[in-house]
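Some notes on the structure that comes next.
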Amino acid sequence: MVQVLKKKALALVGNHAVAYAVKQAKPQVLAVYPITPQTTMLEKLSEYVSSGELKAEMIRVESEHSAMAAVYGAALSGARVFTATASQGLLYMTEMIYWAGGQRVPIVAAVATRAIAEPWTIWDDHQDFMSKRDAIWIQMMAENVQEAYDLTLQAFRISEDERVILPVMMGFDGFILTHTMERVEVLEDHEVDSFLPPRKFNLIDFSDPVGVGPIAQPDEYMRIRFEAMKAMERSKSVIEEIMKEYEKLSGRKYDLVECYKCEDAKYIFVTIGAWSGDAKVAVDRLRNEGIEAGLLKIRVFRPFPKEKVQEYLRSAKGVIVFDRAYSFGSGGILANEVKASLYGLQTPVYSVIAGLGGKDVRPLHFQKVMEDLVNEKLEEERWIL
Amino acid sequence: MINVPEGIPIARPKIGSAGKTGLWRVERPEIHYDKCTKCRLCVLYCPENTIDLLENLYPQIDYNYCKGCGVCAQVCPTKAIEMVKEVK
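Sequence order for the protein chains is B and X.
In terms of the working numbering, the first sequence opens at residue 1 and continues consecutively.
In terms of the working numbering, the second sequence opens at residue 386 and continues consecutively.
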């Protein structure tokens, strides 16, 4: 029997789709400092608060550092919280980001990814997002506006799950998604309420006070970091479970990774973020040319889905990882992760660096690289200038 | 008891977990009770929470943990607290 889902669809730009999801998640405290390309999200959230559609305290902070500090404190007291930033703002927030990760505070932060100065730019790449990979945060990235909406709702649920209790960062490409209008299927408010019950965990009990942010002796410190590692590992199966539940509710399939025609592919792209859509177009065109191409899209970057990467890529004849961020002196950040995951296997991995600072990348760029691989003309690391 | 999941770093307040910090003291605050008006400013301001109230509501300093910072002497409106050099 085919179940027909009645779906409500809206035309939303990425920033407004995330704001809509946040409104439905009913956080009690928001602290956001505006920065391009996130600003219109903050404006929409302010509208929701001022019209009474979202009953939340909107703290007008003087910086991103304060924004994270404010939601950190509010989250410890049991509030559901949200913040959002990008680029230089994310860097300025960094000290508090590590505090939130180390303290394991349930926070959802949206990052409208944008390149980092210098040179100064407002356009998209993933350098800001990737720079937070060791901060004990779960990190996910959206491919399109629909995913940005869906992942935001899932992020609250994952962050607050008692088996996890970790902050979650939801990345989506600046301008490419934040300012692009798409048809977005949204859940009804009551559906979100059933998926996202009120938060339980909090650390404030006047009859049993605890200190937060304590000093730790070296052996305690090491043990706490070990527990954080275990929580991060544990979160993989919890994320899968929550995504399955969301799938039942929404009819949209979610997993740590997305395999697009990669099961039988000989040559596979690996991407994260918005340009996964361009890669899919390229895969289709390459298949028309007779090249058995596929795509493995990484949706959850931390914890890194090593096992899935191994499963899908182990028998590929060639893997091309597209990176929109670079670890200078080392290599493409995603490429390094993929190579580490495939350690001991014979799968050849090629790294392509493209789209830094918003440089335009189209399906034909993906096609050209794969054609070069098939013709044995692709070098180990290529920069598309 | 609050239920804190394993691995979330918290501390439970406990007197003296860092040892007898009063041993660090160079000067000790001494209260001249004849000048004290029981205003309790010293109790409020003590950063180490080492000043308690006696049953008659006069303050009393716990020298095991008082580090001798002198904040209480500074805030005392009647100058009833005097900082005296520790002589050993």
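For glycine and all other residues, C-beta sits at the position ideal for the given N, C-alpha and C.
The residues I35, T36, P37, Q38, V111, A112, T113, R114, D128 and G174, in chain order, have a CB closer than 8 Å to that of A86 of chain B in the same chain once the five nearest residues on each side in sequence are set aside. At a cut-off of 8 Å between beta-carbon atoms, P398 of chain X makes contact with chain B.
For E433 of chain X, there are no C-beta contacts with chain B under 8 Å, since the nearest C-beta of that chain is about 14 Å from it. The DSSP-derived three-state label of Y20 of chain B is helix. Shown in chain order are the members of the region 197–208 of chain B whose Cβ falls below 7 Å from a Cβ of chain X: L203, D205 and D208. For A293 of chain B, the enclosing beta strand (DSSP E) stretches over residues A293 to I298.
In the DSSP annotation of this structure, the continuous segment of the alpha helix (DSSP H) that includes L90 of chain B starts and ends at S87 to Y92.
For D278 of chain B, the closest alpha carbon among the candidates B:E43, B:H126 and B:E143 is that of B:E143. By the neighbour-count definition (other C-beta atoms within 10 Å, threshold 16), K44 of chain B is a buried residue.
Secondary structure within the region 215–256 of chain B: the alpha helix (DSSP H) runs of 4 or more consecutive residues, fully enclosed, are 218–250 (chain order). A residue is called buried when at least 16 other Cβ atoms come within 10 angstroms of its Cβ; S276 of chain B meets this threshold and is buried. Residues of chain B with a Cβ closer than 8 Å to the Cβ of V389 of chain X are, in chain order, L203 and V210. The region 209–218 of chain B and the region 184–195 of chain B do not touch, with fewer than 3 CB-CB distances between them shorter than 8 Å. In the DSSP assignment, S351 of chain B falls within the beta strand (DSSP E) that extends over V349 to I353. When C-beta atoms of the region 242–259 of chain B are compared with those of the region 422–439 of chain X, fewer than three pairs fall below 8 Å, so the two segments do not count as touching. Inclusion of I165 of chain B and P106 of chain B in the CB contact set at 8 Å is warranted, their separation being smaller than that value.
For P462 of chain X, no beta strand (DSSP E) encloses it, and the DSSP letter there is neither H nor E.
When the five nearest sequence neighbours on each side are left out, the beta carbons in the same chain lying within less than 6 Å of the beta carbon of G171 of chain B are those of V111, T113, F129 and M141, in order along the chain. The beta carbon of A75 of chain B lies closer than 6 Å to those of V81, V105, P106 and I107 in the same chain, with the five residues before and after it left out. By alpha-carbon distance to R157 of chain B, the top candidate from B:F322, B:P363 and B:F195 is B:F195. The DSSP-derived three-state label of K308 of chain B is helix.
Taking 7 Å as the cut-off between beta carbons, none of the residues of the region 399–424 of chain X comes near chain B.
Selection B:V184, B:Q154, B:A100 and B:F366 evaluated against E241 of chain B yields B:Q154 as nearest (Cα-Cα).
A buried status is given to P167 of chain B, since no fewer than 16 other beta-carbon atoms sit within 10 Å of its beta-carbon. For G453 of chain X, none of the residues of chain B pass the 9 Å Cβ criterion, the least Cβ distance being about 22 Å.
By the criterion of at least three beta-carbon pairs nearer than 8 Å, the region 52–70 of chain B is in contact with the region 20–36 of chain B. Sequence-distant Cβ neighbours of F201 of chain B in its own chain, meaning closer than 8 Å and more than five residues away, are G78, P106, E160, E162 and I165. Two segments are said to touch when three or more pairs of C-beta atoms, one from each, lie closer than 8 Å; by this definition the region 282–293 of chain B touches the region 351–370 of chain B. At least one beta carbon of chain X lies nearer than 8 Å to the beta carbon of P214 of chain B. In the three-state reduction of the DSSP assignment, T180 of chain B falls in the coil class, being assigned neither a helical nor a strand state. The shortest C-alpha to C-alpha distance from Q146 of chain B to any of B:W137, B:D134, B:W123 and B:T180 is the one to B:T180. According to DSSP, residue pairing for M169 of chain B in a beta bridge involves B:A109 and B:Q139.
Taking C-beta atoms as the reference points, M370 of chain B and L286 of chain B count as a pair closer than 8 Å. Non-local C-beta neighbours of S315 of chain B in its own chain, meaning closer than 8 Å and more than five positions away in sequence, comprise T347, ordered along the chain. The count of Cβ pairs closer than 8 Å, one atom from the region 316–329 of chain B and one from the region 86–104 of chain B, stays below three, leaving the stretches out of contact.
Assignment of S327 of chain B by DSSP, reduced to helix, strand and coil, places it in the strand class.
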